[in-house]
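Engineer:
In this note's numbering, the protein residues as written are 13 to 199.
1) Are the beta-carbon atoms of residue 18 and residue 118 separated by less than 8 Å?
2) Is it buried or exposed, residue 95, if we count other Cβ atoms within 10 angstroms and call 16 or more buried?
3) Taking residue 20 as the reference, give the member of 194, 98, 143, 132 with the closest Cα.
4) Report the partner residues of residue 60 according to the DSSP bridge assignment.
5) Suppose contacts are defined by Cβ-Cβ distances below 8 Å. Is residue 79 in contact with residue 89 by that definition?
6) I need the boundaries of the alpha helix (DSSP H) containing residue 39, first residue and last residue.
7) How should residue 13 be labelled, buried or exposed, when 16 other C-beta atoms within 10 angstroms of its C-beta is the threshold for buried?
8) Quick one: Cα of residue 154 to Cα of residue 125, how far?
9) For residue 82, I'd like the list of residues in its chain whose CB is within less than 7 Å of its CB, leaving aside the five on either flank, ordered along the chain.
10) For the segment 55-75 against the segment 24-38, are there 3 or more C-beta pairs whose distance is under 8 Å?
This is the structure in structure tokens:
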């Protein structure tokens, strides 16, 4: 049951057909409360994530999805969303005043960058307690250092999400310990 209602709900069908391996990956994570997609770069993790977002919203498993990416990739995600879906995300930025309206307004998709997890952690906690929210962390190696302030903020927020998915093409950059923090976020 959704907690928020929009005057006009977005279309939740995909504009483009997924490749067979993207469909297989989507099927593998479709019903999971938490999952990781560790595909090589260039295999379309973005398409998998968008189709997953659409399925969560269509099945009404969550009210809202928070998509977190590196700051330099936010514009890329906006383009990918426009190419593959009819969703128009609200974007959380470093502008706390504008973020107030996003936290308090109805939206199905929120796009942000990792640093906002730290700077808006308190308001994100309130947002997550008031709504049923799923999260997708793109380039999740950003939280590989468990002692960083960013990783600690992500770990505190993690249990408040109804669904959690991480995406990365490089799950183990230098040593196996690099993956521990990412898995800790999920579980």
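Ideal placement from N, C-alpha and C gives every residue a C-beta, glycine not left out.
On a predicted model such as this, the values are computed, not experimentally measured, just so you know.
Structural biologist: Let me lay it out:
1) Contact flag set, yes.
2) Residue 95 sits exposed, since fewer than 16 C-beta atoms from the chains shown fall within 10 Å of its C-beta.
3) Measuring from the Cα of residue 20, the nearest candidate turns out to be 98.
4) Listed as beta-bridge partners of residue 60 by DSSP are no residues whatsoever.
5) In contact: residue 79 and residue 89 (Cβ atoms closer than 8 Å).
6) 32-41 is the extent of the alpha helix (DSSP H) around residue 39.
7) Model confidence at residue 13 stands at a pLDDT of 48, short of 50, so the residue's coordinates are unreliable and nothing is read from them.
8) Distance between the alpha carbons of residue 154 and residue 125: 11 Å.
9) These residues qualify, in order along the chain: 125, 126, 151, 154.
10) At 8 Å Cβ cutoff, the stretches touch.
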